[in-house]
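In this note's numbering, the protein residues as written are 15 to 106. By construction, the Cβ of each residue, glycine as well, lies at the ideal position given by its N, Cα and C atoms. Step one of this worksheet: look at the structure below.
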Amino acid sequence: MYSEQTKVTWESASQGSMIEKTGTIYSLLPSYCVPILQEPWLAELKPSQLKFNPSECSKNERYLVKVVIPLKRGGEKDVYYAPRASVLTKVD
Numbered sequence: 015m016y017s018e019q020t021k022v023t024w025e026s027a028s029q030g031s032m033i034e035k036t037g038t039i040y041s042l043l044p045s046y047c048v049p050i051l052q053e054p055w056l057a058e059l060k061p062s063q064l065k066f067n068p069s070e071c072s073k074n075e076r077y078l079v080k081v082v083i084p085l086k087r088g089g090e091k092d093v094y095y096a097p098r099a100s101v102l103t104k105v106d
């Protein structure tokens, strides 16, 4: 089990290839919990910032992970993922 602010990495499939993502854990999403009920502030985010459906529960334990994406025009954007706990690896 990881604590908040732990830096983690995982791989996910995107357009036929594996992509490695790295981010910081925001919170634990227990099995069968609806993320938007646990974290109501998710409803205020733009759809482009959510890389999962915050209204759907999962039978798997997941983590809410924030990934900071650099923008081409400068600056950065926070994007949120909800990977399964079993696929995460702690970054030292």
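Item to check | the region 87-98 touching the region 58-69, judged by at least three CB pairs closer than 8 Å | outcome: Yes, the region 87-98 is in contact with the region 58-69.
Next on the checklist: Measuring only the C-alpha atoms, how far is Pro54 from Ala27?
Outcome noted: Each residue's alpha carbon lies about 28 Å from the other.
Checklist entry - Can you check whether the CB of Ser41 is closer than 8 Å to the CB of Ser72? => result Taking 8 Å as the Cβ cut-off, Ser72 and Ser41 do not qualify as a contacting pair.
Checklist entry - Can the beta-carbon of Thr38 be found less than 8 Å from the beta-carbon of Val101? => result No, these two residues do not count as a Cβ contact at 8 Å.
Checklist entry - With distances taken from CA atoms, which of Tyr16, Gly30, Lys35 is nearest Ser23? => result One detail in the question is off: residue 23 reads as Thr in this sequence, not Ser. Closest option to Thr23, Cα to Cα, is Lys35.
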